[in-house]
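Engineer: Residue numbers (our numbering): 1015 to 1438. The beta-carbon is built from N, C-alpha and C at its ideal position, and this holds for glycine as well. Once you've had a glance at the structure underneath, I'll fire off some questions.
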Amino acid sequence: MSEKPGLTSRASGMMPSWLKRHWGATAATVAILTAGIGFVTDVQSLIFGGALSQAEASILAENVATRLESRSIARGGEYRQSTSLDDALSALAQTGNRQDRRALAALEDGRTEDGLSELEQETDNLLRRDPEAAAIRFRQIGIIAQTVDNTRAARLYEHALELNPQDLRAMDLLGELELNRGNADAAQTLHERALSLARQNGDEAEEAAALSGLGSVAWSRENLDSADAYYAQALEVSDMIGDLTRSARQLGNRGLIAEARGDSESAEQYYSRALALMQSSGDVFGEALARNNLGNIARVRGEFDEAEDNYRLALSSLENADRHAHSALVIANLGRVAEGRGDRQAAERFYERALTRAREYQYVRVIESTARQAGWLRVHASDGAGAVAYADEALSATALMGDTASEADSLILGVAAYDLTGQF
1015 MSEKPGLTSR
1025 ASGMMPSWLK
1035 RHWGATAATV
1045 AILTAGIGFV
1055 TDVQSLIFGG
1065 ALSQAEASIL
1075 AENVATRLES
1085 RSIARGGEYR
1095 QSTSLDDALS
1105 ALAQTGNRQD
1115 RRALAALEDG
1125 RTEDGLSELE
1135 QETDNLLRRD
1145 PEAAAIRFRQ
1155 IGIIAQTVDN
1165 TRAARLYEHA
1175 LELNPQDLRA
1185 MDLLGELELN
1195 RGNADAAQTL
1205 HERALSLARQ
1215 NGDEAEEAAA
1225 LSGLGSVAWS
1235 RENLDSADAY
1245 YAQALEVSDM
1255 IGDLTRSARQ
1265 LGNRGLIAEA
1275 RGDSESAEQY
1285 YSRALALMQS
1295 SGDVFGEALA
1305 RNNLGNIARV
1315 RGEFDEAEDN
1325 YRLALSSLEN
1335 ADRHAHSALV
1345 IANLGRVAEG
1355 RGDRQAAERF
1365 YERALTRARE
1375 YQYVRVIEST
1385 ARQAGWLRVH
1395 ASDGAGAVAY
1405 ADEALSATAL
1415 MGDTASEADS
1425 LILGVAAYDL
1435 TGQF
C-alpha cells in the first residue's frame, strides 16, 4: 500500500460531523448493500414439488447457501465456500418434510428469522420422538444460523451437545465460533475435548479438524510456533486419511504462518504444494486462492510480472467457477501490482473495477480495503474530494464489519482526506 502522508489539523476548523459519525453508512452505500442480486429463480418448483432427488436437493441447497453467504458478507463477514453449510442444507432439503422445505423457502426469500424458527420448531417436535436425530438437526441449523447470527448459532450447537456430548463436529464448530467471537479460552477447551474424544474413537477426520482448530487458537494468541506445530499435526493426519482438500488447507495455514514470520520462501513452498493438491482434487476455488497467495508473495518481493501472472490465473479460475465475489479481491490485487510499478492510473482503474464487483456482490470487506487503497491514491494526487468519497465508503463498510483495526485505518484516511479539503 502507498505510504501515508503525515497528518495535520487546522486549529481554526472543526472536525466534520461525518468524521464524528463515522459508524453511520451513507445512503449510497446502504442502497448498494441492500440491493438484491441474481440467483436461481425456479426454487419454488423444487420446494413445493414432490420428493427431491439428490441432484435437486443440491441445487436447492446451493441456492439457499448463496443467499445466506451473500447476507453474511453484506454484514461484514468473510466470503467463503462452506462445505458444512452445503451439507447441512442438502440434508434438510432431502428430509421429505414439507415444513423443512417451507423453512428453506423462507431462507431463500430473505425471511431468515421465519426460516430458522420453523426449522427449530420442527426439531423441537422431533426431539420427543428421536433425541439423537434432533441433536444432528440442531447442529445443522446452527451451521445455517452462523451465517447471520453467532449468538443463535452458539445456542444451537450447545443444545446439540446437551443431547449428544460426543458430537465432535458440534464441538469443533462451537470452538471455531467462540474463537471468532474472541473467546479463545472457551475455543481451546472445546477443541481439546474434541481432540481427546476423536483419538479415543479413532476418528481421524475429526482429529485433524480439532488440531487445526487448536492451531487457530494459538495463532490468535500470536504463538506462531505452537500454531505451526498444530497445523503440521493436522496435515499429517489429513495425509494419512487421503483427504486432499484438508491437506491443502493445512499447507495454506502453514504458508500463512511462514508469511507472518517473514519467511516468504517457506510460504511460497507451502502455497505451491497446496496449489498442486487443489489441482489434483479438482478444487478450482481452492486452486484460485492458492494462486492468489502466491501472487501476494511475489508482489511483496517486487516480482510484479510473476505476481500478475498468478493473479490473472486466479481471476480466470474464479470467473470460470462463477465465484465472482471473490474475483473482486484478485482484481484489487492487480491494482496493487500496478501501483507497485508506479502506474497509478492503471491502479485506479483496477481498484474501481474491483469496487464495482464488490458492490455488486455486497462484499463489504473488499469494499473497505479497496476503497481505502483507492483513497490514498487520491490523497497522493491532492484530490481531497475524491479521497473523501473513498474514505466515506471505507468507513461505511467498517461499520458493518465491526473491525476496529480496519476502522482505525479508514479513519486515518478520512482525516488526511478532509485535511486536503481544508475543512479542519
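#1: Who are the near neighbours of R1207 in its chain, counting only those whose CB is closer than 7 Å to its CB and skipping five residues on each side?
#2: Tell me the residue span of the alpha helix (DSSP H) that contains A1200.
#3: Could you pull out every residue in the same chain whose Cβ sits closer than 7 Å to the Cβ of D1144, ignoring the five residues on either side in sequence?
#4: Work out the CA separation of G1436 and A1079 for me, nearest whole Å.
#5: Taking only three categories from DSSP, how would you classify Y1325?
#6: With three or more beta-carbon pairs closer than 8 Å as the criterion, would you say the segment 1277–1286 touches the segment 1241–1255?
#7: Among G1266, W1390, S1396 and E1132, which has the Cα closest to the Cα of D1406?
#8: Rounding to the nearest angstrom, what Cα-Cα distance links S1410 and R1166 in this structure?
#9: Please identify the residue among S1230, D1253 and H1338 whose C-alpha is closest to the C-alpha of L1193.
#10: How big is the Cα-Cα spacing for D1199 and L1228?
#11: In this structure, how does DSSP classify P1179 when only helix, strand and coil are distinguished?
#12: Applying the criterion that 16 or more other CB atoms from any shown protein chain within 10 Å of the CB defines a buried residue, is I1345 buried or exposed?
#13: Just how far apart, CA to CA, sit E1366 and L1130?
#14: Can you give, in chain order, each stretch of the alpha helix (DSSP H) that sits fully within the segment 1368–1436 and has at least 4 residues?
#15: Can you tell which of L1258, D1128, L1188 and L1209 has the C-alpha that lies nearest to the C-alpha of A1201?
#16: Which residues in the same chain have their Cβ closer than 7 Å to the Cβ of S1234, if we skip the five residues on either side of it in sequence?
#17: When the Cα atoms are used, what is the spatial distance from G1300 to L1118?
#18: Contact defined as beta carbons within less than 8 Å: I believe R1305 pairs with L1327. What is the distance between those atoms, to the nearest angstrom?
#19: In angstroms with no decimal places, state the Cα-to-Cα distance between D1239 and R1315.
#20: Exposed or buried, what is Q1387 when buried is set at 16 or more other beta-carbons lying within 10 Å of its beta-carbon?
#21: If contacts are defined as beta-carbon pairs under 8 Å, then I1155 and T1137 qualify, I think. What distance do you get, rounded to the angstrom?
Structural biologist: Checking against the coordinates, here is how it stands:
#1: Position 193 of the sequence shown holds residue 1207. Result list for R1207: M1185, in chain order.
#2: Working through the sequence shown from its first residue, we reach residue 1200 at position 186. Secondary structure note for A1200: its alpha helix (DSSP H) is the uninterrupted segment A1198 to N1215.
#3: Walking along the sequence shown from the start, residue 1144 turns up at place 130. None.
#4: On the sequence shown, residue 1079 is found 65 positions in, with the first residue counted as 1. On the sequence shown, residue 1436 is found 422 positions in, with the first residue counted as 1. The straight-line gap from Cα to Cα measures roughly 47 Å.
#5: Taking the first residue of the sequence shown as 1, we reach residue 1325 at position 311. In the three-state reduction of the DSSP assignment, Y1325 falls in the helix class, which pools H, G and I.
#6: When Cβ pairs closer than 8 Å are counted between the two stretches, the segment 1277–1286 is seen not to touch the segment 1241–1255, the count staying below three.
#7: Here residue 1406 is taken as the residue at index 392 of the sequence shown, counted from 1. It is W1390 whose Cα lies nearest to the Cα of D1406.
#8: Here the question's residue 1410 lines up with position 396 in the sequence shown. Here the question's residue 1166 lines up with position 152 in the sequence shown. Distance between the alpha carbons of S1410 and R1166: 26 Å.
#9: Position 179 of the sequence shown holds residue 1193. That would be S1230, whose Cα lies nearest to the Cα of L1193.
#10: As a working note, residue 1199 is residue 185 in the sequence shown. As a working note, residue 1228 is residue 214 in the sequence shown. About 11 Å.
#11: Residue numbering aside, residue 1179 sits at position 165 when the sequence shown is read from its first letter. The answer is coil: DSSP assigns P1179 none of H, G, I, E or B.
#12: Translated into positions along the sequence shown, residue 1345 becomes position 331. Buried, because 16 or more other Cβ atoms sit within 10 Å of the Cβ of I1345.
#13: Residue 1366 sits at position 352 when you count from the first residue of the sequence shown. Residue 1130 sits at position 116 when you count from the first residue of the sequence shown. Cα-Cα distance, rounded: 37 Å.
#14: For secondary structure counted as the alpha helix (DSSP H) over 4 or more consecutive residues, the segment 1368–1436 holds these complete runs in sequence order: 1378–1394, 1398–1415 and 1418–1435.
#15: In the sequence shown, residue 1201 corresponds to position 187, counting from 1. Here the closest residue by C-alpha is L1188.
#16: Taking the sequence shown and counting its residues from 1, the one referred to as residue 1234 is at position 220. Counting only Cβ-Cβ distances below 7 Å, and skipping sequence neighbours, we find L1193 and A1198.
#17: In the sequence shown, the residue the question calls residue 1300 occupies position 286. In the sequence shown, the residue the question calls residue 1118 occupies position 104. Cα to Cα, the separation comes out at about 28 Å.
#18: Along the sequence shown, one-based indexing puts residue 1305 at 291. Along the sequence shown, one-based indexing puts residue 1327 at 313. That pair is a contact at about 5 Å.
#19: Your numbering for residue 1239 matches position 225 in the sequence shown. Your numbering for residue 1315 matches position 301 in the sequence shown. Each residue's alpha carbon lies about 24 Å from the other.
#20: Start at 1 with the first residue of the sequence shown, and residue 1387 comes out as number 373. Label assigned to Q1387: buried.
#21: Walking along the sequence shown from the start, residue 1155 turns up at place 141. Walking along the sequence shown from the start, residue 1137 turns up at place 123. Right, the Cβ-Cβ distance comes to about 7 Å (below 8 Å), so this counts as a contact.
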